[in-house]
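In our numbering, the protein residues as written are 512 to 774.
Each residue gets a CB set at the ideal place from its N, CA and C atoms; glycine is no exception.
From a predicted model like this one, the values you see are computed outputs, not experimental measurements.
Before any comments, here is the structure.
Right, dumping it as structure tokens:
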């Protein structure tokens, strides 16, 4: 065999594995597709509290039928207070105690249905009344004031109230019935979680008013990230919410007060 042929054969032996690798074995690099990351803007959170529950099972049923996360605040000792609290808790609805607290001109609002927590009462009477109210709805996770424009301005009374609330491991929502309320300031000194309501949805019992308030609260939620609003189980309020909820859900997340302090 000539030298030339041997060189050619040697070259073939050396080169052929390389050719085989590149043409039959080596896989082509996959094409890298860059997918842009789209950051979806998160919606603000709205905690909607329905006050004044306890007198009517029908009213609670209407609130429940809205089909959104809500919180019900129940006045202790009314006809259906315990029933509503139990059903709500079993349905995944957050339950609060709507604590009767003295308003300005307390005598004007006096009622046989409940007794106000008042700075006029003796400390022992206040403690006894608080014990009754806070023990009457055992599934409650928090408290907000029913009326209370006078009581929430009194730091001594609020300290006594908030100590009892802390002993139950509850939070407090200041319904903000007084611009001079010291509730959350005092709560801070007592180690109680506290938040102030951003307003009432239906202070005026009128559909147009409520509609405007909903727009205001959506805008406010966008500014603050999360808000608390208070409504009542009135027919006009419930009807307006049923009409607006589909649109509102595109703009805000409805949450319960059970989630409010975690977001």
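- Assigned with DSSP and collapsed to three states, residue 603 falls in coil, not helix or strand.
- Under the three-state reduction of DSSP output, residue 740 falls in the strand class.
- Here DSSP, grouped into helix, strand and coil, assigns residue 610 to strand.
- Residue pairing of residue 705 in beta bridges, as defined by DSSP: 683.
- For residue 739 and residue 612, the gap between their C-alpha atoms comes out near 20 Å.
- Under the DSSP assignment, residue 563 falls in the beta strand (DSSP E) whose first and last residues are 556 to 564.
- By the 16-neighbour rule on beta-carbons within 10 angstroms, residue 715 is exposed.
- Partner residues in the beta bridge of residue 653, as assigned by DSSP, are 607 and 682.
- For residue 680, the number of other beta carbons within 10 angstroms of its own is below 16, and it is reported as exposed.
- Straight-line spacing of the CA atoms in residue 580 and residue 757 works out to 13 Å.
- Within its own chain, the residues whose Cβ lies closer than 8 Å to the Cβ of residue 671, once the five positions on either side in sequence are excluded, are 634, 637, 638 and 641, listed in chain order.
- With respect to the 8 Å criterion, residue 669 and residue 772 are not classified as neighbours on the basis of their beta carbons.
- The C-beta of residue 573 has 16 or more other C-beta atoms within 10 Å across all chains shown, which makes the residue buried.
- In this structure, residue 653 lies away from residue 677, with their beta-carbon atoms at least 8 Å apart.
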